[in-house]
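Asker: Here the sequence shown is numbered in the numbering used here, starting from 162 and rising by one per residue.
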Amino acid sequence: MSHFPPNWITRILRFFFKPELWESIEGDLEELYCYELERMSSSRARWRYFVNAVAFFRYHRLRQYSKTHNQMDLLKNYLKVSIRDIRRHRLFSSINLLGLVTGFTVMLLVLQYALFQFGFDQFNEKFDRTYRIVNDRYQNGERVQRGAITYPTIGPTLKKDYPEVVAYTRLTVGSRNYLHFDHRQFLMENFMWADEHFFEVFDYPILEGDPITALKESAQVVISESYAQRLLNEGQTLNDLIGQEVLINDWDFHCQIKAVMKDMPVQSHLHSDVLISYNTFIRLAGEGADNSWMWSDFYHYIVLEEGTDPAAFDAKLQEFGNTYFKNGEISGAEEKFELQPLSKLHFDDSLEYEYADVMDGQFVWMILAIALIIMFIAWINYINLTTSRALERAKEVGVRKAMGAFSQQVFGQFLTESFLLNTLALILALLIVVVVQPIMIEIVDLPLDLSVFVRSTIYEMPFIPLFLGVFLVVVCVIGIYPARLISRFRPEEVIKGKYSLVGDMVNMRRFLVVTQFATALILVSASISVYRQIDFMRSQDLGMELKNNLVLYGPDLTDFDSVYIAKFESFKNELVSHPQVLSVSSTGRLFGDKMSRGFTFQSSADPDKNTFGSNWMPMDHQFVEQFGIDVLSGRSFDRSDYHTDGGQVNTAMLNQSALKLFKFDTPEDAIGGQVIVKNSGKEYRIVGVVSDFHQRTLKETIEPIIFFPFHDNSHFITVKYVEGKEKEAIALAQDEFMKFYPGNYFDYLFLEEHFDANYQSDQTIGVMSAVLTVIAIILAVLGLYGLVLVTLQKGTKEIGIRKVLGANVGQLLSRFGGQFVVLIVVASIIGIPASSIVIQGFLQDYSYSIGLEWWVIVVSALLMLGLCVVTVLLQTNRIAKNNPIESLRYE
162 MSHFPPNWIT RILRFFFKPE LWESIEGDLE ELYCYELERM SSSRARWRYF VNAVAFFRYH
222 RLRQYSKTHN QMDLLKNYLK VSIRDIRRHR LFSSINLLGL VTGFTVMLLV LQYALFQFGF
282 DQFNEKFDRT YRIVNDRYQN GERVQRGAIT YPTIGPTLKK DYPEVVAYTR LTVGSRNYLH
342 FDHRQFLMEN FMWADEHFFE VFDYPILEGD PITALKESAQ VVISESYAQR LLNEGQTLND
402 LIGQEVLIND WDFHCQIKAV MKDMPVQSHL HSDVLISYNT FIRLAGEGAD NSWMWSDFYH
462 YIVLEEGTDP AAFDAKLQEF GNTYFKNGEI SGAEEKFELQ PLSKLHFDDS LEYEYADVMD
522 GQFVWMILAI ALIIMFIAWI NYINLTTSRA LERAKEVGVR KAMGAFSQQV FGQFLTESFL
582 LNTLALILAL LIVVVVQPIM IEIVDLPLDL SVFVRSTIYE MPFIPLFLGV FLVVVCVIGI
642 YPARLISRFR PEEVIKGKYS LVGDMVNMRR FLVVTQFATA LILVSASISV YRQIDFMRSQ
702 DLGMELKNNL VLYGPDLTDF DSVYIAKFES FKNELVSHPQ VLSVSSTGRL FGDKMSRGFT
762 FQSSADPDKN TFGSNWMPMD HQFVEQFGID VLSGRSFDRS DYHTDGGQVN TAMLNQSALK
822 LFKFDTPEDA IGGQVIVKNS GKEYRIVGVV SDFHQRTLKE TIEPIIFFPF HDNSHFITVK
882 YVEGKEKEAI ALAQDEFMKF YPGNYFDYLF LEEHFDANYQ SDQTIGVMSA VLTVIAIILA
942 VLGLYGLVLV TLQKGTKEIG IRKVLGANVG QLLSRFGGQF VVLIVVASII GIPASSIVIQ
1002 GFLQDYSYSI GLEWWVIVVS ALLMLGLCVV TVLLQTNRIA KNNPIESLRY E
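(1) Check whether the stretch 491 to 506 touches the stretch 351 to 358, taking contact to mean three or more Cβ pairs, one atom from each stretch, closer than 8 Å.
(2) If you run the structure through DSSP and keep just helix, strand and coil, what is residue 874?
(3) Which of helix, strand or coil does DSSP assign to residue 840?
(4) Count the other CB atoms within 10 Å of the CB of residue 961; is the residue buried (16 or more) or exposed (fewer)?
(5) If distances are taken between C-alpha atoms only, which option among 1015, 716 and 949 comes closest to residue 1032?
(6) Less than 6 Å between C-beta atoms, sequence neighbours within five positions excluded: which residues of the same chain meet that for residue 228?
(7) My output table needs one value for residue 310: the three-state DSSP class, helix, strand or coil.
(8) Please report the straight-line C-alpha distance between residue 905 and residue 340, rounded to a whole angstrom.
(9) Please state whether the Cβ-Cβ distance between residue 421 and residue 399 is less than 7 Å.
(10) Between the Cα of residue 921 and the Cα atoms of 211, 606 and 722, which residue gives the shortest distance?
(11) Could you tell me which of 1006, 972, 849 and 751 sits nearest to residue 915, measuring between CA atoms?
(12) Where does residue 478 land, buried or exposed, given buried means 16+ other C-beta within 10 angstroms?
(13) Roughly how far, in whole angstroms, is the beta-carbon of residue 1029 from the beta-carbon of residue 985, given that I think they are within contact range, below 8 Å?
(14) Answer with buried or exposed for residue 439, where buried requires no fewer than 16 other C-beta atoms within 10 angstroms of its C-beta.
(15) Could you say if the stretch 294 to 304 and the stretch 624 to 641 meet the contact criterion of at least three C-beta pairs nearer than 8 Å?
(16) Just to confirm the assignment, what range does the alpha helix (DSSP H) spanning residue 391 have?
(17) Which residue wins for smallest C-alpha separation from residue 261, given the options 540, 853, 361 and 396?
(18) Looking only at its own chain, which residues have a Cβ that is under 6 Å from the Cβ of residue 375, when we skip the five neighbours before and after it?
(19) Pick from 215, 259 and 196: whose alpha carbon is nearest that of residue 947?
(20) Are there 16 or more other CB atoms within 10 angstroms of the CB of residue 694, so buried, or fewer, so exposed?
(21) Run through DSSP, which three-state label would residue 709 get?
(22) Please state whether the Cβ-Cβ distance between residue 811 and residue 853 is less than 7 Å.
(23) Starting from the Cα of residue 766, find the closest Cα among 458, 989, 844 and 491 and give me that residue.
(24) Run through the DSSP bridge pairs and tell me what residue 881 is partnered with.
(25) What separation, rounded to the nearest whole angstrom, lies between the Cα atoms of residue 739 and residue 790?
(26) Check whether the stretch 423 to 436 touches the stretch 514 to 521, counting contact only when three or more Cβ pairs, one atom from each stretch, lie closer than 8 Å.
(27) Roughly how many angstroms lie between the CA atoms of residue 514 and residue 434, to the nearest whole one?
(28) Whole angstroms is fine: what's the gap from residue 925's alpha carbon to residue 273's?
(29) Quick one: what does DSSP say residue 1038 is sitting in, helix, strand or coil?
(30) What residues match up with residue 1053 in a beta bridge as DSSP calls it?
(31) Leaving out five residues before and five after residue 934 in sequence, what residues of the same chain have Cβ atoms less than 7 Å from its Cβ?
(32) Return the chain-ordered list of same chain residues with a C-beta closer than 7 Å to the C-beta of residue 173, the five sequence neighbours on each side being excluded.
(33) Taking only the alpha-carbon atoms, compute the straight-line gap between residue 931 and residue 505 and give it to the nearest angstrom.
(34) Which residue comes first and which comes last in the alpha helix (DSSP H) that contains residue 1057?
(35) Quick test of your reading: residue 253 and residue 590, contact by CB under 8 Å. State the CB separation rounded to the nearest angstrom.
(36) Would you call the CB atoms of residue 775 and residue 867 closer than 7 Å?
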């Protein structure tokens, strides 16, 4: 760890500041650096050193390089000359400006999206000290689950055993239910059971009621402002709802509304309109919801005391798991726990049983990287075009120096041009962002606006000052190289005509062109591979048929009694009696959803009687046939396998992937075998084995599944209809549903759309990467166009002479365009292996992928080469067609 501040920052300070201020400024900065080094990591302290250094910049502290000119007059002169040069060379200024505007527009749009995502949950006052408890489960030495859920006792026990835990809350997620109020029925689609500490951990403002007591007792409810508006009658206020009684589902008791909270922000990982007190859940589900070490269906959050080391507390959780679960004796699995910071929760989509608003954090960093690459390409264009015009501006520099200008003043002139052009580009980009923002909102499906720049912070620094500071530094960096290069021309050599581009300048320009096109090649090949992978996933055989399936939510309010199954069979028969409906079945999990998982299964074929975990799925006897799943051995379920008393059910089926887990060699060997649930000792006879199918996307491997013939009133009902008859099927299903299950809420979805929603993030990646790649290609070609134009304009006389001597267009193309083709070839040689690394890194997240396709990279390289040749050919051909007399008449 370095105990000294960065030297390069000190050198910059000494360059800009007056010498008499060096000691005091550097002393203050070093004192701050040492103080912050004790409180944070070295890298963060160095970053803060840079931020503090930027804060010291004031006009009166800056070094005065010339005492012979009034500084304000000099600055006005810089601006006047800069504007004059921009107007005089409109084409090159337009190319530069267009590239910079495009780069800044892309950067601002992507930053807007990224800052929105990074801002999740930061409204919580204890954001940096709040953690969710994550549960890892191990069986037979292997991790079988990494889940967001755990046991109801975890939070309270941690609070009791560890003084570092200053607050905790536990909650569990409810399924669809109905709230009855004022003789009206309201759907509760997003609701949670939360304990009395919920508002101690999370800062959701309470509009009416007391947050301390709102969830303390049984039968208490907190509702959101928007949900409350649905309950209100005309003329009523939110306060009128406090104390009102509501009935939820068909419970035998009423609940009381104790508080109204402000709607949970969009940038919250939790989203719920109704909170019901956790004591109500205990009242309904039994004491196990409070003290069980076996029932894993709960989410826990803790707040650590200020100054607590999270890594040290994580180590204590290892001991906690061993103490209470005794290496698997309690729950059938070795339990390990760890902290998940609230700051990282939104960017982790790897956990099972996740209920929160999460995403793949790599996606945000990926598009940020692409936006930076585009900005980098735009800046390369600026540097290349500016340096390529160095000879053209050499006479200007020579005259200015001959008239007494210092090198620093010439340097300042060109630095001013850089600042002026970049500032103008940034302003235009902001205006464009406002115009194109609706398109961006439609692509990402988020409520983006410019206010995100105002409210966002990075490392506790407001974003806007930080952005402007970085902008000034970068503008100086990209302006310093061409400004320094041009200001070094000596007036006596310029006046005598003895000046030329030095080798370093030419080599740097070549290096930048190669870097630019190699980067563009990587983007093109990666974008094509992303599209190919998404198309591959969408077109593969999933092992079942999703098309033309309407899904109805189950009749939750209908009692699951002894006649439920018979009534459901009558409902199915009534539907299939119509020609629009082909079949009807029910299931506890939809395709595209994660399944339930048990961890105490055993197999009759395993002599060691090992315990292991497996997915399991309830379904009826028509499920397999309706979705076209092949039966490999035995039979599917039939009506005799079902019973309203789940304890009477004694049959099961396996998928092909479960055979190895259950120690069966072939599908035929499994028939007659038994699945044993260790906890209860219950045995299920295996009656069939079905082929594997993709329950979720092709990003995930096919896992073992046990199927049970269970029925429930909350199960989904899937209606397969004749293609093109979806409207008739919906109307028919609604009529029959309300006839058989009056009082229930009718709602539906299409199974194929539900499954495809799992690909939403991949499709967003595909769209955004494609758009950004096209922009990167345009900028790269635009920069090449400018360079070719400058090169040909410098060689106008040479082209005229060569034409007079008989040169044709092909020879001129070889002479003036060959150098650019060589650079693109070199870029391809560098970009091809780099592209393969990037593509393989992207595809490794997919269990089923297209693999590395070399032809994609080769085609991308040929595309870039073709664009280069076309650009050079068009410009060379245009110049070559000019009359040579026009370029030689004054010689």
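All residues carry an ideal CB built from backbone N, CA and C; glycine is no exception. These figures come from a predicted structure and were not determined experimentally.
Answerer: Based on what the coordinates show:
(1) no
(2) Numbered from 1 along the sequence shown, position 713 holds the residue referred to as residue 874. Coil, per DSSP.
(3) Numbered from 1 along the sequence shown, position 679 holds the residue referred to as residue 840. Looking at residue 840 - three-state DSSP - the assignment turns out to be coil, as it is neither helix nor strand.
(4) Working through the sequence shown from its first residue, we reach residue 961 at position 800. Classification of residue 961: buried, given that the 10 Å Cβ count is 16 or more.
(5) Counted from its first residue, the sequence shown places residue 1032 at position 871. Closest option to residue 1032, Cα to Cα, is 949.
(6) Along the sequence shown, one-based indexing puts residue 228 at 67. Unreliable placement is indicated for residue 228, whose pLDDT of 47 sits below 50; no coordinate value is reported for it.
(7) Position 149 of the sequence shown, counted from the start, is the residue given in the question as residue 310. It is coil, neither helix nor strand.
(8) Walking along the sequence shown from the start, residue 905 turns up at place 744. Walking along the sequence shown from the start, residue 340 turns up at place 179. Each residue's alpha carbon lies about 12 Å from the other.
(9) Start at 1 with the first residue of the sequence shown, and residue 421 comes out as number 260. Start at 1 with the first residue of the sequence shown, and residue 399 comes out as number 238. Closer than 7 Å, so yes.
(10) On the sequence shown, residue 921 is found 760 positions in, with the first residue counted as 1. The candidate whose alpha carbon is nearest that of residue 921 is 606.
(11) Within the sequence shown, residue 915 is the residue found at index 754, counting from 1. Nearest option by C-alpha distance: 751.
(12) In the sequence shown, counting from the first residue as 1, residue 478 sits at position 317. Residue 478 is buried by the Cβ-count criterion.
(13) Here the question's residue 1029 lines up with position 868 in the sequence shown. Here the question's residue 985 lines up with position 824 in the sequence shown. Confirmed, Cβ separation roughly 4 Å.
(14) Along the sequence shown, one-based indexing puts residue 439 at 278. The residue is buried, with at least 16 neighbouring Cβ atoms inside 10 Å.
(15) no
(16) The count along the sequence shown starts at 1 and reaches residue 391 at position 230. Residues 386 to 392.
(17) Taking the first residue of the sequence shown as position 1, residue 261 is located at position 100. Selected option, being the one with the closest Cα: 540.
(18) Residue mapping note: residue 375 aligns to position 214 of the sequence shown, counting from 1. Correct list, in chain order: 383, 419 and 420.
(19) Mapped onto the sequence shown, residue 947 falls at position 786. It is 259 whose Cα lies nearest to the Cα of residue 947.
(20) Locating residue 694 in the sequence shown gives position 533, where the first residue counts as 1. Residue 694 comes out buried.
(21) The sequence position of residue 709 within the sequence shown is 548, counting from 1. Residue 709 falls in the coil class under three-state DSSP.
(22) Here residue 811 refers to the residue found at position 650 when the sequence shown is read from its first residue. Here residue 853 refers to the residue found at position 692 when the sequence shown is read from its first residue. Result no, Cβ atoms of residue 811 and residue 853 do not sit closer than 7 Å.
(23) Here residue 766 refers to the residue found at position 605 when the sequence shown is read from its first residue. Nearest option by C-alpha distance: 844.
(24) Along the sequence shown, read from residue 1 onward, the residue named residue 881 stands at position 720. Answer by DSSP bridge pairing, in chain order: 710 and 744.
(25) Working through the sequence shown from its first residue, we reach residue 739 at position 578. Working through the sequence shown from its first residue, we reach residue 790 at position 629. If I take the Cα positions, the gap works out to 24 Å.
(26) yes
(27) One-based indexing of the sequence shown puts residue 514 at position 353. One-based indexing of the sequence shown puts residue 434 at position 273. Those two C-alpha atoms are separated by around 20 Å.
(28) For the purposes of this step, residue 925 is identified with residue 764 of the sequence shown, where counting begins at 1. For the purposes of this step, residue 273 is identified with residue 112 of the sequence shown, where counting begins at 1. Roughly 16 Å separates the two Cα atoms.
(29) Position 877 of the sequence shown, counting from 1, holds the residue named residue 1038. Correct three-state label for residue 1038: helix.
(30) Lying before the first or after the last residue shown, residue 1053 is absent from the chain, which here runs from 162 to 1052.
(31) Working through the sequence shown from its first residue, we reach residue 934 at position 773. Counting only Cβ-Cβ distances below 7 Å, and skipping sequence neighbours, we find 684, 685 and 688.
(32) Position 12 of the sequence shown holds residue 173. Cβ neighbours of residue 173 beyond the five flanking positions: none.
(33) Along the sequence shown, one-based indexing puts residue 931 at 770. Along the sequence shown, one-based indexing puts residue 505 at 344. In a straight line, the C-alpha of residue 931 is about 28 Å away from that of residue 505.
(34) The chain is shown from 162 up to 1052; residue 1057 falls before or after that span and cannot be answered.
(35) As a working mapping, residue 253 is identified with position 92 in the sequence shown. As a working mapping, residue 590 is identified with position 429 in the sequence shown. No, residue 253 and residue 590 are not in contact; Cβ-Cβ is about 20 Å, not under 8 Å.
(36) Reading the sequence shown from its first residue, position 614 is the one you call residue 775. Reading the sequence shown from its first residue, position 706 is the one you call residue 867. Closer than 7 Å, so yes.
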